[in-house]
Amino acid sequence: MTKAKQQKPQKHIPLRTCVSCHENKSKRELLRVVRTPDGHVSVDATGKKSGRGAYLCARLSCWKQAIKSKRLEQVLKIDAISQEDLAGLEAFIATLPEDLPISVPAQATRKKVAEPKA
Numbered sequence: 005m006t007k008a009k010q011q012k013p014q015k016h017i018p019l020r021t022c023v024s025c026h027e028n029k030s031k032r033e034l035l036r037v038v039r040t041p042d043g044h045v046s047v048d049a050t051g052k053k054s055g056r057g058a059y060l061c062a063r064l065s066c067w068k069q070a071i072k073s074k075r076l077e078q079v080l081k082i083d084a085i086s087q088e089d090l091a092g093l094e095a096f097i098a099t100l101p102e103d104l105p106i107s108v109p110a111q112a113t114r115k116k117v118a119e120p121k122a
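My numbering puts the first residue of the sequence shown at 5, with every later residue one more than the last.
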């Protein structure tokens with residue numbers, strides 16, 4: 005008798021939502037912004053800093069939209085991001101790559117041609 009191979013249970017992958025585009029992605033795909041207990045706002049590269057956090061995609065458009073619409077202030081529950089902290093965020097945003105245009109599959113762009121009736 006051979007024992008049937010048992011499949012290992014899938015490892016839990018924590019999901020988070022981008023505060024700008026509202027896409028659900030794995031925690032590792034998103035970047036965390038944290039409001040520290042002393043009130044400063046910064047990018048949390050490790051994802052382990054203490055404080056209230058917000059997650060954003062690594063897309064330039066998500067970051068610009070979150071800053072422009074004051075979405076970070078709402079999520080982090082602060083009145084305003086200080087100029088010093090905003091300068092730090094802007095410096096980080098400058099390192100993000102430009103958004104790639106969304107490519108449309110070739111099949112979606114083709115029109116259906118009506119077949120001649122016999």
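Backbone N, C-alpha and C define an ideal beta-carbon position, used for all residues, glycine too.
Item: The region 50-57 contacting the region 83-90, beta-carbon criterion three pairs below 8 Å; Value: no
Item: Nearest to SER24 (by Cα), restricted to the options ILE82, TRP67, LYS12 and VAL45; Value: TRP67
Item: Three-state secondary structure (DSSP) of VAL79; Value: helix
Item: Those residues which DSSP pairs with LYS29 across a bridge; Value: ARG20
Item: Euclidean distance between Cα positions of LEU93 and THR99; Value: 10 Å
Item: Closest by C-alpha distance to GLU33, when choosing among ARG39, LEU19, PRO41 and HIS44; Value: LEU19
Item: Contact belief for CYS22 with LYS29 at Cβ below 8 Å, rounded distance in angstroms; Value: 7 Å
Item: Local conformation of ALA95 per DSSP, three classes; Value: helix
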